[in-house]
Amino acid sequence: MLVEAGYISRQQLEQALSLQKRSGLRLGQSLIKMGLVTEEAIIEILGKQMNIPYVNLDTYAIDSKLIDLIPQSIAEKFLVLPLFKIADTLTIAMVDPLNVRALDEVRRLVRCEVDLAVTTERQMRSAIEHYYRASGSISDIVREIESGDFQAAVKPGEAATEAPVIRLVNLILQQAIQENASDIHIEPDEINLGVRYRIDGMLYEMKSLPKTIQAPLLSRLKVMAQMDIAESRIPQDGRTQMRIENRDVELRVSTFPTLYGENVVIRILDQSKTILSLSDLGFSDELLKKYKKALAIPYGIILVTGPTGSGKTTTLYASLNEVNSIEKNIITIEDPIEYRIKLVRQAQINPRAGLTFASGLRSILRQDPDVIMVGEMRDVETCEIAYQAALTGHQVFSTLHTNDAAGALSRLLHLGIEPFLIASSTVAVLAQRLVRTICPNCKISYKPSASELTAYRLDPATTTLLYRGKGCKLCRNSGYRGRTGIYELLMIDPAIQQLILKNASSHEICEAARAGQGMTFLREEGIAKALQGITTLEEVGRLTFEE
Numbered sequence: 048m049l050v051e052a053g054y055i056s057r058q059q060l061e062q063a064l065s066l067q068k069r070s071g072l073r074l075g076q077s078l079i080k081m082g083l084v085t086e087e088a089i090i091e092i093l094g095k096q097m098n099i100p101y102v103n104l105d106t107y108a109i110d111s112k113l114i115d116l117i118p119q120s121i122a123e124k125f126l127v128l129p130l131f132k133i134a135d136t137l138t139i140a141m142v143d144p145l146n147v148r149a150l151d152e153v154r155r156l157v158r159c160e161v162d163l164a165v166t167t168e169r170q171m172r173s174a175i176e177h178y179y180r181a182s183g184s185i186s187d188i189v190r191e192i193e194s195g196d197f198q199a200a201v202k203p204g205e206a207a208t209e210a211p212v213i214r215l216v217n218l219i220l221q222q223a224i225q226e227n228a229s230d231i232h233i234e235p236d237e238i239n240l241g242v243r244y245r246i247d248g249m250l251y252e253m254k255s256l257p258k259t260i261q262a263p264l265l266s267r268l269k270v271m272a273q274m275d276i277a278e279s280r281i282p283q284d285g286r287t288q289m290r291i292e293n294r295d296v297e298l299r300v301s302t303f304p305t306l307y308g309e310n311v312v313i314r315i316l317d318q319s320k321t322i323l324s325l326s327d328l329g330f331s332d333e334l335l336k337k338y339k340k341a342l343a344i345p346y347g348i349i350l351v352t353g354p355t356g357s358g359k360t361t362t363l364y365a366s367l368n369e370v371n372s373i374e375k376n377i378i379t380i381e382d383p384i385e386y387r388i389k390l391v392r393q394a395q396i397n398p399r400a401g402l403t404f405a406s407g408l409r410s411i412l413r414q415d416p417d418v419i420m421v422g423e424m425r426d427v428e429t430c431e432i433a434y435q436a437a438l439t440g441h442q443v444f445s446t447l448h449t450n451d452a453a454g455a456l457s458r459l460l461h462l463g464i465e466p467f468l469i470a471s472s473t474v475a476v477l478a479q480r481l482v483r484t485i486c487p488n489c490k491i492s493y494k495p496s497a498s499e500l501t502a503y504r505l506d507p508a509t510t511t512l513l514y515r516g517k518g519c520k521l522c523r524n525s526g527y528r529g530r531t532g533i534y535e536l537l538m539i540d541p542a543i544q545q546l547i548l549k550n551a552s553s554h555e556i557c558e559a560a561r562a563g564q565g566m567t568f569l570r571e572e573g574i575a576k577a578l579q580g581i582t583t584l585e586e587v588g589r590l591t592f593e594e
């Protein structure tokens, strides 16, 4: 194959075969040792010639539940790893897909059909060391905690500080970081303790631990987050900072009492991530131009709205980065501080010490700010102070939890903010959602059905092809990989100001914005991205509603 593809000559092949006989190396290893080809070139030619997909194990997340299907000894001997299983077919990664003996051994072990993917030896050895070490460690730790020796040696209430429990918690956190999870859910039921990770906005089951682990595991998390370890009847919140996988992360821990024990959710805030620019967030060119125009106004309030997890904070940080300069004094009050920004003075609320959004904002006004960011406007007092600040010449950024842009204005009115304040001080309202993007590895086109075209009001004459992910190892068979934003931007122009002063409904404001500004709604932005092949209609329908 390599000779036919022009990678090596016949003479070089003969030299490599001679070295193979003397050294006992595989042919590929001999070619690499002689410097004739790279490992990547061999994998590329094998994949193309045999029509076998290539998988990058450095970035691929393997389902830990599948690791047990192939013993570590077999994985190391034949350099194979299970990737994913669909129905009765297991897909495995191999370094040498021509190794018939290895395939026969795997088929004997798993007792089902086997499909192949190919990878490099370096990636394979690294993945085997990582996954079998992690899987073995968790299993070993669980057995150690459940053992009679451990139970007898540890006094009640002290298990949280013992090494096996600490290692178990650290491994759960480490795997979540490796998977780029945003949250960890630890969920007790009648007989097990489930662990799920939220990845790209969706929950995936990662592990099921025995019920006996529940008490020491929850106690350890409470100790870390500085919560009351003896209290299990009421909800608690806490936080801690750790360095995991060479990354500084903040963990926000929340407990909630349920029928079978305390449910725990851990929000992971990766403080080592770089701040995205506005152009990286998924804005269309026209929308980005309008939003930057709003940012250029040096006073007034810009609101970003949407449900929890819709990327509002990321947009605020990107907006601050856009207006940040040495000539401006920018101060924030946040909960929590997710990113560090140069030249920006950032403060985190501390209700126990009396530092709330309202009190912090009042103090910020005495710090001679040009730009203020309030993490969230939760109450009337915070809203009133923010609007007074905007009215007196400050540029203010903040968030609200509303479903759409016009809904933010109604929410402010219901909170008791005077209509003239809202009308005169609000510059723009940006509503957003995060939609999953189609996995580029398994993206396919298809002809939309008549029902799809009708449901999303698409023209059959022009909409002939749409796109979706078929499902593959790289996307956990979901068809999606990564997320991007969809937006609707409401500019508060004179026509909208008059409607606010008249206490007009959200519907009236939307209609006026469409007529006067050409405003597009979230669903329309999402459908446009689906037509471009970025996301799917199903994903847009999941996160938006018909206007």
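At position 175 of the sequence shown the residue is numbered 222 (the working numbering), and the sequence of numbers has no breaks.
The beta carbon of each residue, even a glycine, is placed where N, CA and C say it ideally should be.
The model shown is predicted, which means the values in this text are computed figures rather than measured ones.
- Excluding its 5 nearest sequence neighbours in each direction, residue 110 has C-beta neighbours in its own chain below 7 Å: 131, listed in chain order.
- Between the region 464 to 482 and the region 333 to 353 there are three or more inter-stretch CB-CB distances shorter than 8 Å, so the stretches are counted as touching.
- In terms of Cβ geometry, residue 533 and residue 572 form a close pair [threshold 7 Å].
- DSSP, read as helix, strand or coil, puts residue 251 in strand.
- At least 7 Å separates the beta-carbon of residue 258 from that of residue 242.
- Under the three-state reduction of DSSP, residue 531 is assigned to strand.
- About 15 Å separates the beta carbons of residue 252 and residue 310, which is beyond the 8 Å limit, so they are not a contact pair.
- Residue burial is scored here from C-beta neighbours: residue 160 has fewer than 16 other C-beta atoms within 10 angstroms and is therefore classed as exposed.
- Between the region 415 to 423 and the region 437 to 445, the count of Cβ pairs shorter than 8 Å is three or higher; the stretches touch.
- A distance of 7 Å or more separates the beta carbons of residue 108 and residue 127.
- In this structure the region 453 to 472 does not touch the region 365 to 384; the number of beta carbon pairs closer than 8 Å is below three.
- Look at residue 50 here: in three-state DSSP terms it is coil, with no helix or strand label.
- A contact is defined here as three or more CB-CB pairs under 8 Å, and the region 530 to 545 meets this definition with respect to the region 553 to 568.
- Straight-line measurement puts the Cα of residue 142 at about 12 Å from the Cα of residue 92.
- Between residue 283 and residue 271, the C-beta gap is not smaller than 7 Å, which leaves the two residues out of contact.
- The region 300 to 317 and the region 393 to 412 do not touch, with fewer than 3 CB-CB distances between them shorter than 8 Å.
- Annotated three-state conformation of residue 108 is coil, per DSSP.
- Residue 368 sits in a helix when the DSSP states are folded into three classes.
- Of the residues assessed, residue 591 falls on the buried side of the cut-off, its CB having 16 or more other CB atoms within 10 angstroms.
- Here the alpha carbon of residue 278 sits roughly 18 Å from the alpha carbon of residue 299.
- If you check the CB distance, residue 102 and residue 166 come in under 7 Å.
- With distances taken between CA atoms, residue 83 lies nearest to 58 out of 58, 94, 69 and 246.
- Restricting attention to 509, 577, 502 and 469, the CA atom closest to the CA of residue 482 is found in 577.
- Nearest to residue 593 by C-alpha distance, out of 450, 523 and 493, is 450.
- Within the model, the alpha-carbon separation for residue 240 versus residue 318 is close to 29 Å.
- Residue 244 sits in a strand when the DSSP states are folded into three classes.
- In the structure shown, residue 239 adopts extended strand secondary structure according to DSSP, grouped into three states.
- In the three-state scheme derived from DSSP, where H, G and I count as helix and E and B as strand, residue 178 is classed as helix.
- Taking C-alpha positions only, residue 113 is separated from residue 71 by approximately 32 Å.
- With respect to the C-alpha of residue 122, the residue from 176, 375, 447 and 521 having the closest C-alpha is 176.
- Distances from the CA of residue 98 to each of 338, 163 and 480 were compared; the closest alpha carbon is that of 163.
- Your pair residue 388 and residue 411 does not check out as a contact, with CB atoms roughly 15 Å apart and the cut at 8 Å.
- With a cutoff of 7 Å on beta-carbon distance, residue 546 and residue 555 are scored as near each other.
- Taken in chain order, the complete alpha helix (DSSP H) segments of 4 residues or longer contained in the region 471 to 539 are 497 to 502.
- Around the C-beta of residue 538, 16 or more other C-beta atoms lie within 10 Å, and the residue is accordingly described as buried.
- DSSP, reduced to helix, strand and coil, places residue 422 outside both helices and strands of the structure shown, so it counts as coil.
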